[in-house]
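Just remember that the working numbering sits 4 ahead of the position in the sequence shown, which is counted from 1.
Note that the Cβ used here is the ideal one computed from N, Cα and C, for glycine as well.
Being a predicted model, the structure only gives us computed values, none of them experimental.
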Amino acid sequence: MADLANIRVEWDVDLAIVTVDRQEKLNALNAEVVREIGEVFTSLRDDDTVRGVILTGAGQKAFVAGADIGELATMNSVTGVRVSRDGQDVFRAIERFPKPVLAAVGGYALGGGCELALACHMRIASDKARFGLPEVGLGIIPGYGGTIRLARLIGLGRAIELTLTGDMIDASRAYALGLVSSVVAPDALMDEAKVLLRKVTKNGPLAIRMALESIYRGLDTATAEALDFESSLFGLLASTDDMREGMEAFLEKRKPDFKGQ
Ligand code: COA
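Have a look at this one:
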């Protein structure tokens with residue numbers, strides 16, 4: 005991985021812990037941070053030793069406090085499209101990442117930070133987390149997929165209310181809305197993130213990858229086509245060593261040893 009100014013990557017055996025670290029600006033996403041997040045995920049995607057990724061923010065205050073408003077303030081209608089597209093491309097790569105990505109949100113997840121968490125496959129929060137899409141208060145809209153992903157996750161009416169009010173909500177409200185799957189004490193956040201992700205990564209890696217592909221394809225296609233796709237992936241998995249290993253292990257009453265083959 006090339007030298008990164010704003011991202012730290014650490015390892016917990018086969019989990020990569022990716023930390024956005026620009027604490028003096030509450031980890032706000034300028035163009036460089038967005039580009040570096042993209043580079044990190046490209047590199048982790050191609051690394052067979054990585055089974056899952058935890059994405060988090062440095063410091064006690066913020067996951068990511070949004071796109072960098074200083075930078076946004078200089079955009080015009082041409083560069084604005086580019087800013088949005090660049091962010092969308094990176095966030096889409098996270099959503100399409102072939103291994104599970106879990107957002108561990110310990111503080112402000114606002115604007116682009118909330119959208120970043122939405123692009124991850126799963127989200128957990130500490131009780132210090134705060135979520136919101138304050139863009140309309142700045143005269144813009146969420147431009148990194150927030151107008152699409154939030155409604156899919158928590159439903160149209162609630163997403164519209166959050167987007168149009170720009171309200172900031174606390175972790176318990178985020179839990180009630182289904183924006184995060186659990187809320188834990190700040191000290192427990194990273195441990196809980198690892199526990200949850202390991203519950204996923206102990207399963208067959210190809211099965212995890214194809215489950216994600218099928219779920220996301222299903223969101224974008226008509227039911228009949230989505231079901232065809234699911235059947236194709238189901239059939240494909242039937243030809244893998246992982247399937248044989250998973251079923252043999254069950255029948256032999258032992259833990260499976262998946263190789264991702
Ligand atoms: N873009 C650029 N800088 C940001 C930022 C953002 N999205 N969010 C925070 N910062 C900067 C602040 O400007 C400040 O920098 P400074 O010390 O050079 O003045 C620093 O981070 C610390 O933030 P500060 O506002 O002093 O912290 P706070 O605890 O008083 O408030 C927030 C925290 C998150 C409520 C507040 O920073 C905020 O509202 N940020 C913007 C959130 C937002 O609108 N995001 C969506 C952008 S599209």
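Presumed contact (8 angstroms Cβ cut-off) between residue i and residue j, rounded CB distance
| i | j | result |
| --- | --- | --- |
| F135 | C124 | In fact, because the Cβ distance is near 13 angstroms, the residues do not count as touching under 8 angstroms. |
| G147 | S88 | 4 angstroms |
| A108 | M194 | 6 angstroms |
| R26 | A32 | 7 angstroms |
| A133 | A175 | 4 angstroms |
| I58 | L201 | 6 angstroms |
Continuous alpha helix (DSSP H) stretch holding residue i: start and end
| i | result |
| --- | --- |
| E139 | Neither: E139 is in no alpha helix (DSSP H) and is coded neither H nor E. |
| T225 | Note, T225: premise wrong, no alpha helix (DSSP H); not H, not E. |
| R202 | 193-205 |
| A180 | 175-181 |
| M247 | 245-255 |
| R162 | 160-169 |
| L76 | 73-76 |
Beta-carbon spacing of residue i, residue j below 9 angstroms
| i | j | result |
| --- | --- | --- |
| V13 | V44 | yes |
| G264 | L210 | yes |
| I21 | K103 | no |
| L48 | F101 | yes |
Candidates the options: closest to residue i by CA position
| i | options | result |
| --- | --- | --- |
| L76 | V105, I144, E256 | I144 |
| S236 | A6, I128, E217, I73 | E217 |
| K203 | I11, T53, M5, L19 | L19 |
| K65 | L30, M247, D7, R86 | L30 |
| T205 | I219, V17, A9 | V17 |
| F238 | I219, G150, M214, R258 | M214 |
| L122 | E234, P138, R156 | R156 |
| G150 | I41, A189, L200, A71 | A71 |
| L166 | L114, G56, T227 | L114 |
| G84 | G161, P138, N34, D52 | N34 |
| A178 | G63, Y112, N80, M251 | Y112 |
| A129 | T244, V37, A180, G161 | A180 |
| L183 | M126, A189, R221 | M126 |
Range of the contiguous beta strand (DSSP E) that encloses residue i
| i | result |
| --- | --- |
| A20 | 19-24 |
| V13 | 11-16 |
| F262 | First-last for F262: undefined, no H or E at that position. |
| F1 | Residue coverage of the chain in this structure runs from 5 to 265, which leaves residue 1 outside it and unanswerable. |
| L48 | Looking at the DSSP string, L48 is not in any beta strand (DSSP E); the run it does join, the alpha helix (DSSP H), is 35-49. |
| V57 | 56-61 |
Check: residue i C-beta below 8 angstroms from any heavy atom of the ligand NAP
| i | result |
| --- | --- |
| A69 | No copy of the ligand NAP occurs in the structure displayed; its ligands are the ligand COA alone. |
Paired residues, beta bridge with residue i - DSSP
| i | result |
| --- | --- |
| A123 | A123 pairs with nothing; no bridge assigned. |
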